[in-house]
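Just below is one structure, and these are the notes that go with it.
There are 4 protein chains.
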Amino acid sequence: MSDPASPRQRRKDARPSELLEAAMALFVEKGFAATKSEEVAARAGVSKGTLYLYFPSKEELLKAVIRDTLLADIARGAERLAQEDGPTGQLLVELMTDWWVNVYNSPSSAIFKLVMTEVRNFPDIGEFYLREVIEPGHRLIGGLVQRGIDRGEFRAVDIDGVVHSIVLPMVMLCLHKHSMGACGFSDSHMGNPSEFIRQHLDLILNGLRAPRSDGKPVL
Amino acid sequence: MSDPASPRQRRKDARPSELLEAAMALFVEKGFAATKSEEVAARAGVSKGTLYLYFPSKEELLKAVIRDTLLADIARGAERLAQEDGPTGQLLVELMTDWWVNVYNSPSSAIFKLVMTEVRNFPDIGEFYLREVIEPGHRLIGGLVQRGIDRGEFRAVDIDGVVHSIVLPMVMLCLHKHSMGACGFSDSHMGNPSEFIRQHLDLILNGLRAPRSDGKPVL
Amino acid sequence: MSDPASPRQRRKDARPSELLEAAMALFVEKGFAATKSEEVAARAGVSKGTLYLYFPSKEELLKAVIRDTLLADIARGAERLAQEDGPTGQLLVELMTDWWVNVYNSPSSAIFKLVMTEVRNFPDIGEFYLREVIEPGHRLIGGLVQRGIDRGEFRAVDIDGVVHSIVLPMVMLCLHKHSMGACGFSDSHMGNPSEFIRQHLDLILNGLRAPRSDGKPVL
Amino acid sequence: MSDPASPRQRRKDARPSELLEAAMALFVEKGFAATKSEEVAARAGVSKGTLYLYFPSKEELLKAVIRDTLLADIARGAERLAQEDGPTGQLLVELMTDWWVNVYNSPSSAIFKLVMTEVRNFPDIGEFYLREVIEPGHRLIGGLVQRGIDRGEFRAVDIDGVVHSIVLPMVMLCLHKHSMGACGFSDSHMGNPSEFIRQHLDLILNGLRAPRSDGKPVL
DNA sequence: GATGAATGAGACTTCATTCAT
DNA sequence: AATGAATGAAGTCTCATTCAT
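Protein sequences appear in the order of chains H, C, W and D. Under UniProt numbering, the first residue of the first sequence carries the number 1, and numbering increases by one thereafter. Under UniProt numbering, the first residue of the second sequence carries the number 1, and numbering increases by one thereafter. Under UniProt numbering, the first residue of the third sequence carries the number 1, and numbering increases by one thereafter. Under UniProt numbering, the first residue of the fourth sequence carries the number 1, and numbering increases by one thereafter.
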């Protein structure tokens with residue numbers, strides 16, 4: 001009865017993702033509580049009522065935003081695991097710059113901020129995020145660091161700590177992008193994240209490098 | 001009745017800071033928009049009306065929270081500048097662990113989250129924060145790194161980038177503390193920040209160390 | 001395609017009454033204001049839009065429900081007037097139990113409740129109902145009572161009052177059926193209306209019986 | 001701190017009952033769903049917001065209306081039980097005319113309609129009403145009928161049936177008052193309820209009267 | 001004819017702010 | 001100074017009605 005390609009149908013199929021996109025932009029910009037559902041609808045080019053045809057409440061819309069946006073990048077991250085061999089440091093640099101610059105430029109970076117902002121009001125979100133994003137990502141990178149140590153490429157260090165040293169600045173860059181950065185407040189380097197990521201990894205890897213036999217202590 | 005030391009007077013003098021404290025806790029926890037002014041009053045043990053005796057609006061309360069809370073830690077940070085001599089690496093480690101652990105445990109860490117969360121709705125905040133907190137802090141650390149390079153203790157690196165590599169994880173720890181961390185979601189190391197800070201600085205300093213004469217490149 | 005007996009045609013002809021039936025059930029159950037037009041459509045097995053093909057608005061639907069449902073029972077009641085002769089009491093009992101038990105079990109009983117519920121919002125309904133239902137019914141029964149008096153079978157009583165004494169409990173039974181009764185709240189006798197009607201008429205007729213010559217007053 | 005007789009305090013104490021009264025009038029007139037909370041507030045002379053200071057939701061307001069309004073009349077009915085002796089018929093007439101005319105003229109009569117109208121949407125209401133109003137009332141009257149039978153004043157009849165024959169027309173009068181009656185549609189007797197009640201009881205009592213020894217059957 | 005996506009007026013409810021006490 | 005009752009603008013959500021398909 002409804003030609004699947006009718007303009008009506010096409011609109012309908014696109015609606016949810018149009019609404020999700022609009023909602024994400026606004027939730028990230030203004031916060032969940034400060035965003036009016038009518039604004040979301042307006043940004044998606046529909047009326048108030050239409051929003052509620054697709055999502056039963058503003059809160060469900062928030063959860064859908066988070067779930068849907070992450071799924072893509074979660075999947076992408078996992079693929080990288082199937083990386084071929086080579087010096088671990090190089091692999092790490094490639095993986096991180098490539099993957100992370102993607103994340104930074106993708107909607108996922110906005111989700112980082114959103115999760116940070118809203119966890120305390122919606123703890124489910126945090127639970128989901130930890131399980132689906134943080135832990136897999138941590139394991140992925142931690143595995144590489146471990147490999148470097150096993151192969152004698154890296155010093156024996158605390159894996160979890162190194163993973164944080166590597167990752168937290170990158171996460172922070174994402175948060176910055178959607179907070180201070182989005183207001184045009186940007187201290188120097190914040191403006192060129194991929195350059196910073198390269199430098200940062202260079203510094204970290206230098207720090208990880210296995211000491212020479214005669215190695216003097218750092219401090 | 002107006003003896004400045006009468007309990008009543010003391011109460012009255014304490015009001016603003018009690019209200020600020022209550023407001024900060026709630027703004028950080030739930031966000032500005034989701035916090036009701038009555039809640040703030042209740043948490044400070046006064047009535048709704050009293051809040052408006054001290055602050056003309058909820059928005060002014062927010063700004064006061066941010067201004068007032070930061071002033072203390074800004075001052076403290078500045079003092080460290082008057083640090084005496086010694087190997088730069090050691091100085092850096094001492095300065096950062098000491099100062100930062102303090103920040104992490106002080107209300108300032110909460111303000112980081114609050115600023116991040118609310119800049120886009122209240123850009124003045126961001127402007128103030130950048131000028132009073134970020135830039136001075138950045139200069140402080142950047143100065144130390146520069147000194148290390150000048151003295152031949154560190155490699156010649158991009159100063160701003162290193163400052164970010166050093167600082168961003170620490171900032172991120174603060175944000176975590178008041179978002180995921182406050183919900184009990186904590187991956188491994190997040191639980192012991194001062195230990196992480198020590199490890200992190202160790203790694204960075206190792207990476208900064210001036211290469212030996214025969215220095216092979218890291219990658 | 002327009003064969004009047006084609007299944008499609010039959011469907012179409014039945015639509016209005018299917019919709020009316022669905023509407024009545026829901027209006028009686030939940031009240032007019034609390035019933036959604038989509039529910040009516042769904043219960044009739046059609047879509048929202050179709051409802052508006054047959055009735056221009058929810059309010060017109062209500063009026064149609066009331067008009068249409070009553071016409072049948074109004075007609076039936078009138079037929080009884082053409083009753084043959086016999087003792088008036090017996091006639092009254094037969095007429096009332098037969099007719100009323102029918103009414104009680106027919107959709108008309110639901111309409112009683114609906115009219116009661118909605119008159120004040122839609123006074124036309126009340127006017128129609130009074131003219132077409134209440135007054136004819138009252139005259140029908142009043143005529144019988146009058147006949148009984150004329151023939152010396154009944155005491156000389158106030159006709160209108162007796163009609164009410166006879167009829168109101170029966171009306172009340174109808175209302176009960178669609179309010180408390182429909183919720184499973186039922187005091188004793190409410191459960192068996194035809195038995196009650198018999199007893200009630202017996203009591204009333206006993207009260208109407210012309211007194212003996214030596215008649216002592218009741219009180 | 002607040003003088004208990006201050007105008008402010010006095011208003012505050014009166015608010016709930018003013019709101020309840022306004023709500024009852026409107027709920028009875030238009031039905032619960034069709035009454036806007038703002039109308040209730042306006043009729044009570046306050047603003048929308050104030051209503052919600054005293055009742056957490058429109059639904060709770062409805063329940064409060066029913067509970068509160070009935071309590072008075074429930075209590076009054078119970079007192080009558082402590083009636084002194086005398087011929088049962090006379091007692092019944094006095095009790096019913098007195099009590100019922102009061103009920104008819106009190107807000108309770110409105111509640112009858114409200115309960116009837118809303119039970120199916122709010123079953124708790126029906127449960128409460130059955131337990132607190134219908135059953136006690138039924139027992140009260142049933143007890144009197146039983147006494148009449150025991151003393152040989154009345155025929156041996158089905159008690160519950162008689163109670164209904166007595167009471168249902170009176171209840172119906174109440175419903176009428178707030179439905180058709182309130183619209184000015186009134187068939188003859190409906191206009192003078194206390195006169196009708198007298199006549200009705202007279203008829204019923206005549207029907208209840210114990211038959212003479214030579215008693216011929218009614219039919 | 002039939003559908004159901006879309007609309008937007010309007011309902012319920014909240015909450016920042018005021019002000020009489 | 002302190003209170004908390006009152007307000008009403010504003011937000012979330014619903015639903016009668018329309019109209020493109």
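Beta carbons: idealized from backbone N, C-alpha and C, even for Gly.
Partners in chain C for residue i, counting only beta-carbon separations shorter than 7 Å
i, result
"L168(H)", "L168, P169 and M172"
"M116(H)", "L175 and S179"
"Q146(H)", "Going along chain C, no residue has its Cβ under 7 Å from Q146(H), so there is no contact; the nearest lies around 14 Å."
"V162(H)", "L203"
"D158(H)", "Q199"
"F196(H)", "G161 and H164"
Range covered by the alpha helix (DSSP H) that runs through residue i
i, result
"D187(D)", "Premise fails: D187(D) is in no alpha helix (DSSP H) and is neither H nor E."
"L51(D)", "K48 to Y54"
"M170(W)", "I159 to H178"
"R198(D)", "P193 to L208"
"E94(C)", "T88 to N105"
"F122(C)", "No alpha helix (DSSP H) contains F122(C), which DSSP labels as neither H nor E."
"V40(C)", "S37 to R43"
Reduced DSSP secondary structure (H/G/I, E/B, other) of residue i
i, result
"R10(D)", "helix"
"L219(H)", "Bear in mind that the predicted position of L219(H) carries a pLDDT of just 45, short of 50, making it unreliable; the figure below should be weighed with that in mind. Residue state, collapsed to three classes: coil."
"F154(C)", "strand"
"S57(H)", "coil"
"A22(H)", "helix"
"residue 225(H)", "For residue 225(H) there is no data in the structure shown, the boundaries of chain H being 1 and 219."
"M1(D)", "Annotation note: pLDDT 41 at M1(D) (below 50); position unreliable, coordinate value reported separately. Coil at M1(D), not helix or strand."
"S213(C)", "With a pLDDT of only 43 at S213(C), under the threshold of 50, the placement of this residue in the model should not be trusted, and no figure is reported."
"R147(C)", "helix"
Beta-carbon neighbours of residue i, restricted to chain C and to distances below 9 Å
i, result
"P123(H)", "C183, G184 and F185"
Chain H contact residues for residue i, given Cβ-Cβ distances below 7 Å
i, result
"F55(C)", "Those do not exist, as F55(C) stays about 19 Å from chain H at its closest Cβ, beyond 7 Å."
"G207(C)", "L203, I204, N206 and G207"
Within chain W, partners of residue i - CB distance below 7 Å
i, result
"E127(D)", "F185"
Partner residues on chain H for residue i, Cβ-Cβ distance less than 9 Å
i, result
"L95(C)", "The premise fails here: L95(C) is roughly 14 Å from chain H at the closest Cβ pair, so nothing lies under 9 Å."
8 Å Cβ cut-off: residues of chain D touching residue i
i, result
"R139(W)", "Per Cβ cutoff of 8 Å: no residues; R139(W) is ~10 Å from chain D at best."
Residues that residue i contacts on chain D, provided the C-beta gap is smaller than 7 Å
i, result
"R120(W)", "E29, K30, S179, A182 and C183"
Within chain W, partners of residue i - CB distance below 9 Å
i, result
"E135(D)", "D187"
Chain-ordered neighbours of residue i on chain D, where CB pairs are closer than 9 Å
i, result
"L91(W)", "Result: empty, since nearest Cβ-Cβ is about 11 Å, beyond 9 Å."
Under 7 Å (Cβ pairs) to chain W, residues found in the UniProt domain "HTH tetR-type" (13-73) of chain D: E29, K30, G31, A33 and A34
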